[in-house]
Structure formats: structure tokens, C-alpha cells
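Numbering (this note's numbering), first residue to last: -6 to 311.
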């Protein structure tokens, strides 16, 4: 079983510390068995102070990092990482226990720990937008991008603040276990099943006026009609907006154009159908709104590096 170790460094952000155990712990196989083994660890097995008025008691000390397949570092105000950018020897020794090939994940300001260890040098990464300048100042070799929800750089993944950690964990579960499992976790946690990693972290908008309607109802409607022709004009009519207003509002709320958002949702639908249904590829392309099998193959190869048949074998065991 894939082992996830969550390393708590004091004072840890309480919300961030709960994200990985909650989401990975909710990922279940079709028979209800867990797909991940979760452990929380500290530098020792003693209580870890949080930023929100309570202490957390990890399962074990840092020796858990030796056997972890994925190591998650939640947001923290750990002074050496946040103020000087240099880690004390005990933290360096703990990180040195992580085996080669293990996946490293940070949530919010947990990225400061990875950066202080030199693991983000020359790599693109993100953190909470409010602390991006501090990251640049302490670690000028890190390619900081505060305009995204998360960055997937292969073996190292970083997320923006707080709830963006949920988006990153769902992304990882989707990559590991497929769309069906990730969607089930999202439903259990009562959160959206996806927000694109490239979506803007922070959009400074005024409070809506009575005629300043959201595109959310239209997006929900579109998900039920992905197999139909969904032009901007049709979406705007459903939202009772002009096409120009709809386009602007859509980008403000999602960080994407309507066309890009629809295309991503269609690929997600196709992936879910490949995992759960034994339908011909042509039929899956039609039901997901991608039209032809060739279009589905193109998008899967570009996004996942595999054909529809290979994807089905990986996630359905067919």
C-alpha cells in the first residue's frame, strides 16, 4: 500500500495538517479498502504546537520518513525556515531519511521547508500568494509562481495556501488512482472535484451588485450537457449575459476561458468513463463531447502520456 507520511513542524497550520490525512485517508477501493496508509510524524513523537490554539500528537517520530512513498509538509511558521531560510541539523537529518524516488509535497508555507533544504532550487514552485515575496527574498533560485493553485513538477509538488492543498491532494489521487476515486473523495469531503492547478490563487473583486451574476449555475448546467455543442454564445444565453460579459466573468471566476474549461471537463468525463464503463472508445468520445476517438486519443496522450486503451488497462485492470 502506498504510504503517505505527513511531517508536522511547529507551529504547524492546523487546517493544512488535516488536509492530507483527510483526503488520502478517504480514498477507497471498490471494496471499501483504503488505498493509502497514512502516518503523521514529527521530529519526535511528542506533541506538535499548531498556529490555531491546539497541539497535534503525531503517530510516530521522523523515522516514518524512511518508508514513505509520499512525504507531505503542511504549512508551518517554523522560524528557521520562515525567517532565516536555513534549517537546523535535526530537520536536515530528518529530511535525509526520505528515500530516493519518494514524492515530496508541500502545502502552503510548507514550501519554505523544501526550499530551505535546497530541494526547490531551479524548479518552479508555489506557496501562499501573501508570502511569495518572502520566498523570493530567502530563496532567489526558486522559480516562484504565486499565480497558480498548485505546481506539479513531477517528483515535487507544491500548493498555494490553505484550500489549494485540497486541490493538490485531489490532483495526486486522480493521478494515482483515477478520476473515479478522486471524485468519490471530493464528494465525501463536499468540495469541487477539481480546480485546475493553473487557476489564479487570488482574484481581487468587488462585492457583486444585483446584476453581477455568477457563471457557476451555467457551469453546473454545462457539466450535464458535455455531449452537446457548447459555444460561448449558448453558455452566455443560459447565464442571461452578453457573450462579452460572460467571457470576462468566467475568466474571473475560474482563471480559464470557457473553451479551455469545457475541454478539460470533457477529458475528465472521458477518463471517468474509461475507468468505469466497457464502452468503445468512439462512444466514450461521443458521450464526453470530444467528438471522435482521434480527438480523445490526442488529449489523453498530451495530458496522461497514454492511449485510451492503455489508460483503461491501468485504471480498470482490463
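Cβ atoms here follow ideal geometry from the backbone N, Cα and C, with glycine treated the same way.
query                                                                                                                                                                         : result
Starting from residue 169, follow the alpha helix (DSSP H) in both directions and report where the run begins and ends.                                                       : 157 to 170
Going by C-alpha to C-alpha distance, which of 236, 265 and 264 sits closest to residue 251?                                                                                  : 236
For residue 281, count neighbouring C-beta atoms within 10 Å of its own C-beta (all shown protein chains included) and say buried if the count is 16 or more, exposed if not. : buried
Below 8 angstroms on the Cβ atoms is my guess for residue 20 versus residue 28; work out the distance and round it to an integer in Å.                                        : 4 angstroms
Among 96, 83, 0 and 63, whose alpha-carbon lies nearest the alpha-carbon of residue 51?                                                                                       : 0
Within 10 Å of its beta-carbon, does residue 147 have 16 or more other beta-carbons around it, so buried, or fewer, so exposed?                                               : exposed
Tell me the residue span of the alpha helix (DSSP H) that contains residue 30.                                                                                                : Not the alpha helix (DSSP H): residue 30 falls in the beta strand (DSSP E), residues 29 to 34.
Where residue -2 and residue 54 are concerned, what is the direct C-alpha to C-alpha distance, given to the nearest angstrom?                                                 : 10 angstroms
Which residue or residues does DSSP assign as beta-bridge partners of residue 96?                                                                                             : 63
Count Cβ pairs between the segment 170 to 178 and the segment 140 to 160 that sit closer than 8 angstroms; are there 3 or more?                                               : no
How is residue 42 classed by DSSP in three states: helix, strand or coil?                                                                                                     : strand
Between residue 141 and residue 103, is the Cβ-Cβ spacing less than 9 angstroms?                                                                                              : no
Is it right to say residue 83 is buried, meaning 16 or more other beta carbons lie within 10 angstroms of its own, or is it exposed?                                          : exposed
Considering only the alpha carbon of each residue, which of 128, 287, 16 and 264 lies closest to residue 306?                                                                 : 264
For a quick check, are the C-beta atoms of residue 118 and residue 91 less than 9 angstroms apart?                                                                            : no
Any chance you could list the alpha helix (DSSP H) runs of at least 4 consecutive residues sitting entirely within the segment 198 to 280, in chain order?                    : 209 to 216, 225 to 232, 236 to 247, 251 to 269 and 274 to 280
I need the boundaries of the beta strand (DSSP E) containing residue 9, first residue and last residue.                                                                       : It is not in any beta strand (DSSP E) - residue 9 instead sits in the alpha helix (DSSP H) that spans 7 to 18.
Looking at residue 31: is its Cβ nearer than 9 angstroms to the Cβ of residue 13?                                                                                             : yes
Hey, residue 41 and residue 2: beta-carbon distance below 9 angstroms or not?                                                                                                 : yes
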